[in-house]
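Each remark here refers to the structure printed beneath this line.
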Amino acid sequence: RKEVEQDPGPFNVPEGATVAFNCTYSNSASQSFFWYRQDCRKEPKLLMSVYSSGNEDGRFTAQLNRASQYISLLIRDSKLSDSATYLCVVLYSNYQLIWGAGTKLIIKP
Amino acid sequence: GAVVSQHPSWVICKSGTSVKIECRSLDFQATTMFWYRQFPKQSLMLMATSNEGSKATYEQGVEKDKFLINHASLTLSTLTVTSAHPEDSSFYICSAELGTSYTDTQYFGPGTRLTVL
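Residue numbers (this note's numbering), protein chains in the order written: chain G, 43 to 151; chain Z, -16 to 100.
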């Protein structure tokens, strides 16, 4: 079983729709959690950190469920420019970053 | 499948020494691997694109003589930080590209933390 798992997609979603991604992690000692966005062959960019209480940044909401060991990302009112690969990343206490394989999102007009 | 490893995971060295970091795709072949440097607040900077059997392509501002990249096989790329200085201390991350007919996906390694004293 992979340490960090994501549905690879692709998710084909009409513009304006709401889309949700889930990510599960296997090591309960995981310390910090992040969502990154990566455009094709470009460097991943930090989208948001994920806090236990959940956090929101505009159209994006991230949540962490430590008991079930998963994190989620919700995108509301999706735009064409949201098309990208979304990577779930988990930081372990030894400062190792474990990356999910990413979920590809395609927003269609 | 599709696991990428890095070795070492953490290295401390003296200023002026060289450090080699390995990036391996464990269960797939990767024609292309990427090397990133991670800065505070988690942003990543692409340093270079490593292509098996040919010279790496460096991003603007990255010194190719200081950061030597060798992609000798389809499962191994190495990054050597030559004459390391404290400002080179950082988290170095590699990724390997798995290409198929339908998707090109990058799989990321766990990173190598370099501390130069």
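Backbone N, C-alpha and C fix where the C-beta goes; we use that ideal spot for every residue, glycine too.
Residue contact with chain Z for Gln138 of chain G: present (Cβ-Cβ distance below 8 Å to some residue of chain Z). Taking the CA atoms as reference points, Ser8 of chain Z sits about 20 Å from Cys82 of chain G.
Boundaries of the beta strand (DSSP E) harbouring His(-10) of chain Z: Val(-13) to His(-10), taken from the DSSP string.
Per DSSP, reduced to three states, the secondary structure at Glu70 of chain Z is helical.
Remark: C-beta atoms of Leu133 of chain G and Gln48 of chain G do not approach each other more closely than 8 Å. Secondary structure of Asp49 of chain G (DSSP, three-state): coil.
Counting only Cβ-Cβ distances below 9 Å, Thr98 of chain Z has no contacts in chain G at all, with the closest Cβ about 11 Å away. Interface flag for Ala55 of chain Z against chain G is unset, since no Cβ pair is found closer than 8 Å. For Ile(-5) of chain Z, the nearest beta carbon of chain G is not closer than 8 Å to its own beta carbon.
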